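A short write-up of the structure that comes next.
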Amino acid sequence: MPSITVVGSVNRDLVLTVQDLPRPGETVLAGRFVEGVGGKGANQAVAAARLGSRVRLVARVGADAETILRALAAEGVDVAAVLPAEDASTGIASVVVDRAGENTIVVNPGANAALTVADLPAQLACAGEVLLVQHEISPEVVAAAVLRAREQGGRVVLNPAPARPVASEVLAAVDVLVPNLGELATLLGVERPTGPDGARELLESAQLPCDAVVVTLGADGALVKQPGRPAVHLPAPVVDAVDTVGAGDTFCGALADSLARGSDLLAAAERAVRAASLAVTGLGAQSSMPSAAQLDPPPAS
Numbered sequence: 028m029p030s031i032t033v034v035g036s037v038n039r040d041l042v043l044t045v046q047d048l049p050r051p052g053e054t055v056l057a058g059r060f061v062e063g064v065g066g067k068g069a070n071q072a073v074a075a076a077r078l079g080s081r082v083r084l085v086a087r088v089g090a091d092a093e094t095i096l097r098a099l100a101a102e103g104v105d106v107a108a109v110l111p112a113e114d115a116s117t118g119i120a121s122v123v124v125d126r127a128g129e130n131t132i133v134v135n136p137g138a139n140a141a142l143t144v145a146d147l148p149a150q151l152a153c154a155g156e157v158l159l160v161q162h163e164i165s166p167e168v169v170a171a172a173v174l175r176a177r178e179q180g181g182r183v184v185l186n187p188a189p190a191r192p193v194a195s196e197v198l199a200a201v202d203v204l205v206p207n208l209g210e211l212a213t214l215l216g217v218e219r220p221t222g223p224d225g226a227r228e229l230l231e232s233a234q235l236p237c238d239a240v241v242v243t244l245g246a247d248g249a250l251v252k253q254p255g256r257p258a259v260h261l262p263a264p265v266v267d268a269v270d271t272v273g274a275g276d277t278f279c280g281a282l283a284d285s286l287a288r289g290s291d292l293l294a295a296a297e298r299a300v301r302a303a304s305l306a307v308t309g310l311g312a313q314s315s316m317p318s319a320a321q322l323d324p325p326p327a328s
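Here the working numbering runs 27 ahead of the position in the sequence shown, where the first position is 1.
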């Protein structure tokens, strides 16, 4: 099976559904409450594992995370490198989702902030394996993981979310950068453009040292830019969105799964667009992530 190491965050997700997102100073009543496992690291690990990959998660959690670890293990995620943080509780994400599927999220990092460079396994990703990293952990850990995996011959995928600047030497060690449009604008230090055309123009003019860039565009799909080639737009299928939480993580997990299977980047990104589109049709991040059978159903006989 493909081998993927995910270095990232683990949270308890507290999800409330409302008719409309509250304005500043406004109180609204929720229609539904769901508690589950979240955090970009855990989400992306589950997304890849659900598609059949062999996935290892490197993270920190609090002493209150026994149920979370059992849930991740039940999804097929190797949690041997998920370490306890003695003086911090597991991270918490408070998520509010409106009737259109839009959301607001407030995160308390908790034990995620306790993950250090010393916690990284000596072997992260060798040839044929993928390292998948995000920004809900410290910049020092992200940089160390990226550089170590690149030295070991692994393929490095960086999802720079939440948005923050990234050192040029770290970007240069990234094989596939996967920002959304706002994160791309932050990396380039420019205003965020609007629509696929604005995104394409920005991506075509971007001077980034990484090998390839895949920009996620939500309902508009994704843009793929590879060296020496024009950007390619991959439209998303039209679906009835229920909850967009976790769509980007589903995209990253599916992309890593395809790359670990040897797919070329365009094919991997197209499959990731379809996976993310399926994910927004259900409530919750991990609960709505597709299985391999849902994403790649066998042809009708």
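C-beta atoms are modelled at their ideal positions from N, C-alpha and C, and glycine is treated no differently.
Keep in mind that this is a model prediction, so the values were computed, not measured.
Exercise for review: Could you name each continuous beta strand (DSSP E) segment of 3 residues or more that falls completely within the segment 46-129, going from the start of the chain to the end?
Suggested key: 59-65, 81-88, 109-111 and 118-124
Exercise for review: Measure from the alpha carbon of Pro111 to the alpha carbon of each residue in Arg126, Gly137, Val124 and Gly103, then state which is nearest.
Suggested key: Counting from 1 along the sequence shown, the entry for residue 111 is found at position 84. Ranking the options by Cα distance to Pro111, first place goes to Gly137.
Point to revise | Spatial neighbours of Ala226 in its chain, beta-carbon cut-off 7 angstroms, leaving aside the 5 residues before and after | key: The sequence position of residue 226 within the sequence shown is 199, counting from 1. Cβ neighbours of Ala226 beyond the five flanking positions: Leu208, Pro220, Val242, Leu244 and Leu250.
Review point. For Val266, which residues from the same chain have a beta carbon less than 6 angstroms from its beta carbon, with the 5 sequence-adjacent residues on both sides left out?
Key: On the sequence shown, residue 266 is found 239 positions in, with the first residue counted as 1. Ser304 and Thr308, listed in sequence order.
Point to revise | Cβ separation of Arg81 and Ser30, assumed to be a contact under 8 angstroms, to the nearest whole Å | key: Position 54 of the sequence shown, counted from the start, is the residue given in the question as residue 81. Position 3 of the sequence shown, counted from the start, is the residue given in the question as residue 30. With 8 angstroms as the limit, Arg81 and Ser30 qualify as a contact, their Cβ atoms being about 5 angstroms apart.
Review point. Taking the C-alpha atoms as reference points, what is the distance between Gln179 and Ala199?
Key: Here residue 179 refers to the residue found at position 152 of the sequence shown. Here residue 199 refers to the residue found at position 172 of the sequence shown. In a straight line, the C-alpha of Gln179 is about 15 angstroms away from that of Ala199.
Exercise for review: Please name the residue or residues paired with Gly275 in a DSSP beta bridge.
Suggested key: On the sequence shown, position 248 is the one that residue 275 refers to. The partner list for Gly275 (beta bridge, DSSP) is empty, contrary to what the question assumes.
Practice item. Please name the residue in Pro264, Ser195 and Gly118 whose C-alpha comes closest to that of Ile330. Key: Lying before the first or after the last residue shown, residue 330 is absent from the chain, which here runs from 28 to 328.
**Study point:** Cβ pair Pro187, Val85 closer than 8 angstroms
**Key:** Counting from one through the sequence shown, the residue named residue 187 turns up at place 160. Counting from one through the sequence shown, the residue named residue 85 turns up at place 58. No. Outside cutoff.
**Study point:** Check whether Asp47 and Asp114 have beta carbons under 8 angstroms apart
**Key:** Walking along the sequence shown from the start, residue 47 turns up at place 20. Walking along the sequence shown from the start, residue 114 turns up at place 87. No; because the gap between Cβ atoms is not below 8 angstroms, this pair is not in contact.
Review point. Alpha carbon to alpha carbon, how far is Gly248 from Ala274?
Key: Reading the sequence shown from its first residue, position 221 is the one you call residue 248. Reading the sequence shown from its first residue, position 247 is the one you call residue 274. Each residue's Cα considered, the two are about 11 angstroms apart.
Review point. Under a Cβ-count criterion, where at least 16 other Cβ atoms within 10 Å of its own Cβ denotes burial, should Gly128 be classed as buried or exposed?
Key: As a first step, residue 128 is located in the sequence shown; it is residue number 101 there, counting from the start. Gly128 comes out buried.
Point to revise | Under the three-state DSSP convention, the category Ser318 falls into | key: Indexing the sequence shown from 1 puts residue 318 at position 291. The answer is coil: DSSP assigns Ser318 none of H, G, I, E or B.
Review point. Taking the DSSP output, what are the residues bridged to His260?
Key: Within the sequence shown, residue 260 is the residue found at index 233, counting from 1. The partner list for His260 (beta bridge, DSSP) reads Leu250.
**Study point:** Per-residue DSSP class, three states only, for Asp40
**Key:** Along the sequence shown, read from residue 1 onward, the residue named residue 40 stands at position 13. Asp40: strand per DSSP, three-state reduction.
Point to revise | Rounded straight-line distance, which links the Cα of Ala258 to that of Ala212 | key: Numbered from its first residue, the sequence shown carries residue 212 at position 185. Numbered from its first residue, the sequence shown carries residue 258 at position 231. Approximately 16 angstroms between the Cα atoms of the pair.
Practice item. Assign Asn30 to one of three DSSP states: helix, strand, or coil. Key: Numbered from its first residue, the sequence shown carries residue 30 at position 3. According to the sequence shown, residue 30 is Ser rather than Asn. Residue state, collapsed to three classes: strand.
**Study point:** As assigned by DSSP and simplified to three states, the class of Val184
**Key:** As a first step, residue 184 must be located in the sequence shown, where it is residue number 157. In the structure shown, Val184 sits in a strand (DSSP, three-state: E or B).
Check your understanding: beta strand (DSSP E) containing Thr243: first to last residue?
Key -> Position 216 of the sequence shown, counted from the start, is the residue given in the question as residue 243. Note, Thr243: beta strand (DSSP E), Ala239 to Thr243.
Exercise for review: Check each candidate in Pro324, Pro317 and Arg177 and name the one with the smallest Cα separation from Asp238.
Suggested key: Within the sequence shown, the letter at position 211 stands for residue 238. Asp238 has its Cα closest to that of Arg177, out of Pro324, Pro317 and Arg177.
**Study point:** Status (buried if at least 16 other CB within 10 Å, exposed otherwise) for Gln71
**Key:** Position 44 of the sequence shown, counted from the first residue, corresponds to residue 71. With 16 or more Cβ atoms within 10 Å of its Cβ, Gln71 is classed as buried.
**Study point:** Neighbour-count burial assignment, Gly52, 16 or more Cβ in a 10 Å radius
**Key:** Here residue 52 refers to the residue found at position 25 of the sequence shown. Its Cβ having fewer than 16 others within 10 Å, Gly52 is exposed.
Point to revise | Endpoints, the beta strand (DSSP E) within which Val157 is located | key: Reading the sequence shown from its first residue, position 130 is the one you call residue 157. Val157 to Gln161 is the extent of the beta strand (DSSP E) around Val157.
Exercise for review: Compare the beta carbon distance of Glu163 and Ser314 with 8 angstroms and say whether it is the shorter of the two.
Suggested key: Here residue 163 is taken as the residue at index 136 of the sequence shown, counted from 1. Here residue 314 is taken as the residue at index 287 of the sequence shown, counted from 1. No, the pair does not count as a contact, with Cβ atoms beyond the cut-off.
Exercise for review: Give the single residue among Leu43, Ala108 and Ala90 whose Cα lies nearest to the Cα of Val33.
Suggested key: Sequence index remark: in the sequence shown, residue 33 carries index 6 (1-based). Checking every option, the nearest Cα to that of Val33 belongs to Ala108.
Check your understanding: Out of Ser116, Gln150, Ser318 and Thr94, which has the shortest C-alpha to C-alpha gap to Leu174?
Key -> The count along the sequence shown starts at 1 and reaches residue 174 at position 147. Comparing Cα-Cα distances from Leu174 to each of Ser116, Gln150, Ser318 and Thr94, the minimum goes to Gln150.
Exercise for review: State buried or exposed for Pro206, treating a residue as buried only when at least 16 other CB atoms are found within 10 Å of its CB.
Suggested key: Here residue 206 corresponds to residue number 179 of the sequence shown, with the count starting at 1. With 16 or more Cβ atoms within 10 Å of its Cβ, Pro206 is classed as buried.
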